[in-house]
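Using our numbering, you'd call the opening residue of the sequence shown number 567 and step up by one each time. Using N, Cα and C, we set each Cβ at its ideal position, and we do this for glycine too. All values reported here derive from a predicted model rather than from experimental measurement. The block underneath contains the structure these notes are about, expressed in structure tokens.
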Amino acid sequence: MRVRMEKSRRLTLAEAAALVRPRDTLACGLVAGQPAGFLEALGARRDLEDVVLYTGLLLQPYALLQTPGVRIVSGFFGPIERMARAMGGRVTYIPRDFNGLERLALDLAPRVMLAVTSPPDAGGYLSFGVHAGATYRPFLAAAHDPTRLAIAEINPRMPRLRGLPELGGNRVHVSEVDVLVEHDAEIVTIADPQPSAADIAIARQVCERIAPDAILQFGIGAIPNAIAALLAERGPGDFGIHTEMLSDGVMRLHQAGAVANRKPLYDGVTVATFALGSRALYDWLDGNPDVCILPVTAVNGPEVLAQLPRLTSVNGAIAIDLAGQIAADTIGERQYSGTGGHEAFVSGAGSAPGGQSFICTRSTATVHGAPVSTIVAEFAPGTRVTTPRHHAQWIVTEHGAVDLSVLDDDERPRALVELADPRFRDALRATLR
Numbered sequence: 567m568r569v570r571m572e573k574s575r576r577l578t579l580a581e582a583a584a585l586v587r588p589r590d591t592l593a594c595g596l597v598a599g600q601p602a603g604f605l606e607a608l609g610a611r612r613d614l615e616d617v618v619l620y621t622g623l624l625l626q627p628y629a630l631l632q633t634p635g636v637r638i639v640s641g642f643f644g645p646i647e648r649m650a651r652a653m654g655g656r657v658t659y660i661p662r663d664f665n666g667l668e669r670l671a672l673d674l675a676p677r678v679m680l681a682v683t684s685p686p687d688a689g690g691y692l693s694f695g696v697h698a699g700a701t702y703r704p705f706l707a708a709a710h711d712p713t714r715l716a717i718a719e720i721n722p723r724m725p726r727l728r729g730l731p732e733l734g735g736n737r738v739h740v741s742e743v744d745v746l747v748e749h750d751a752e753i754v755t756i757a758d759p760q761p762s763a764a765d766i767a768i769a770r771q772v773c774e775r776i777a778p779d780a781i782l783q784f785g786i787g788a789i790p791n792a793i794a795a796l797l798a799e800r801g802p803g804d805f806g807i808h809t810e811m812l813s814d815g816v817m818r819l820h821q822a823g824a825v826a827n828r829k830p831l832y833d834g835v836t837v838a839t840f841a842l843g844s845r846a847l848y849d850w851l852d853g854n855p856d857v858c859i860l861p862v863t864a865v866n867g868p869e870v871l872a873q874l875p876r877l878t879s880v881n882g883a884i885a886i887d888l889a890g891q892i893a894a895d896t897i898g899e900r901q902y903s904g905t906g907g908h909e910a911f912v913s914g915a916g917s918a919p920g921g922q923s924f925i926c927t928r929s930t931a932t933v934h935g936a937p938v939s940t941i942v943a944e945f946a947p948g949t950r951v952t953t954p955r956h957h958a959q960w961i962v963t964e965h966g967a968v969d970l971s972v973l974d975d976d977e978r979p980r981a982l983v984e985l986a987d988p989r990f991r992d993a994l995r996a997t998l999r
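Okay, structure coming up:
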């Protein structure tokens, strides 16, 4: 143990940032997995020539975005990436799903791996808290490689969440980490979105079709939260939770006594690969024995999802064409978000025994102050398909729900037209053969 303990160095943020070479590769997690203090310190340097940072969902407009010698490769765009790219910043998107981002980090082996952790416990273990994602295993790989650097930014506000022992326990010993720095900052929170009347109408239709002992996955947004709230209102239940993102809605299901977590895999615990929500959510998660945070491939992997009977996934879309193709991460040629776990859970629920997937979207969106249909005859030029038509199952708008998986290519377009806003149906029907 003494040999291991000699490895870690405690440095200031500036000292740690100085370890990055002018030409280097780095990687860190999404949102709460980003070491904001370290990245700000790195952005203060003026000698960076060709530094590539692999990350996603940037927390803030880091000074790095203004540094000519730094390129950001994002696996999932958020408002900061969109803004920076529109302003000509060196921000690119890499088309990988969340599973693929872990494989990418393992294959590319960036020289510097970064993480945000809790302070060490009595045994010297740092918890990765609310984010394992695609960087937990790559961080451990860097920690065990003498040619690379593993830098942990300790944040006293990071909740301590456990993992499973056979999957690393969502922790690392201080002696395995090359450099420790400290940065006290609030963990990123998102407001609980208020559902519209259309969102509630969609949520009710989905809830009518969810089995009382379903294993649930929720995406981000007002509709998944509304579904969770409606299910929680039913009171005690027998649901299981196996989800990429753990949100306030999942917490409310637990608090309502609606979660039993009787599952053939990860029995007895709710599992996710990251959490994002309110401060109340993080307080509830801290030390919670009913929740485990696991590496993304242990959550989103197809071989994992196929073992979960009645797996029920709830996700969203930007647009759906009349063939049943789903666009969820681009608007025309503009990268808006990312693939994430969208297709993994749509196809995974379709492969699971008794599984169901729901793609939920309001029938209209507002563009330049005017309503446009989210059910379209064809996608705008440049639009990328997030999930192909052969994986689509339930499509739900406030006007109805249809199971595309049982419809042929003549029936699908007609069924989807009926889900569109009435103002756009005639124009859509006119495109049918």
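### Task
Grab me the residues of T809's own chain with a C-beta within less than 6 Å of its C-beta, minus the 5 sequence neighbours each way, in chain order.
Q783, F784 and A838
### Query
Which whole-angstrom value is the C-beta distance of G599 and T633, which I expect to be below 8 Å?
The Cβ separation is near 21 Å, so there is no contact.
### Task
Would you list the residues sitting across from I941 in a DSSP beta bridge?
I941 is bridged to I886.
### Message
Restricting to Cα atoms, I'd like to know which of A943, A910, V942 and G904 is closest to I660.
### Response
G904
#### Entry: R978, enclosing alpha helix (DSSP H) - first and last residue
E977 to V983
### Task
Out of A883, R723 and R928, point me to the one whose CA is closest to E909's CA.
A883
### Task
Helix, strand or coil for Q1003, going by three-state DSSP, please let me know.
Residue 1003 is absent from the structure shown; the chain starts at 567 and stops at 999.
### Message
Assuming S917 is part of the beta strand (DSSP E), what are its boundary residues?
### Response
Per DSSP, S917 belongs to no beta strand (DSSP E); it is in the alpha helix (DSSP H), H908 to S917.
### Task
Have a look at S879 and Q771 and give me their C-alpha separation to the nearest angstrom.
Spanning the alpha carbons of S879 and Q771 requires a straight line of approximately 14 Å.
#### Entry: Rounded straight-line distance, which links the Cα of E742 to that of H710
7 Å
### Query
Would the beta-carbon of H957 fall within 8 Å of that of G916?
yes
### Message
Do G666 and L631 have their beta-carbon atoms positioned less than 8 Å apart in this structure?
### Response
no
### Task
Rounded to whole angstroms, what's the CA-CA distance from C594 to R728? Just pull it up for me.
20 Å
#### Entry: Three CB pairs or more closer than 8 Å across the segment 639–651 and the segment 618–627
Inter-segment contact for the segment 639–651 and the segment 618–627 is present: three or more beta-carbon pairs are separated by less than 8 Å.
### Task
Using a threshold of 8 Å, state whether the C-beta atoms of L1076 and P676 are closer than that.
The chain is shown only over 567 to 999; residue 1076 falls outside these bounds and no answer can be derived.
### Whole runs of the beta strand (DSSP E) within the segment 580–627, excluding any shorter than 3 residues
589–596 and 616–622
### Query
Between which two residues does the beta strand (DSSP E) harbouring Q922 extend?
Q922 to C926
#### Entry: With 16 other Cβ atoms within 10 Å as the buried cut-off, status of M653
exposed
### Task
Whole angstroms is fine: what's the gap from S574's alpha carbon to V745's?
5 Å
### Task
Could you tell me how far apart the beta carbons of G914 and A872 are, in whole angstroms, since I believe they sit closer than 8 Å?
Right, their Cβ atoms sit about 7 Å apart.
### Message
What would DSSP say about M649, mapped onto helix, strand or coil?
### Response
helix
### Query
Along the chain, which unbroken stretches of the beta strand (DSSP E) at least 3 residues long are found entirely within the segment 722–747?
737–739
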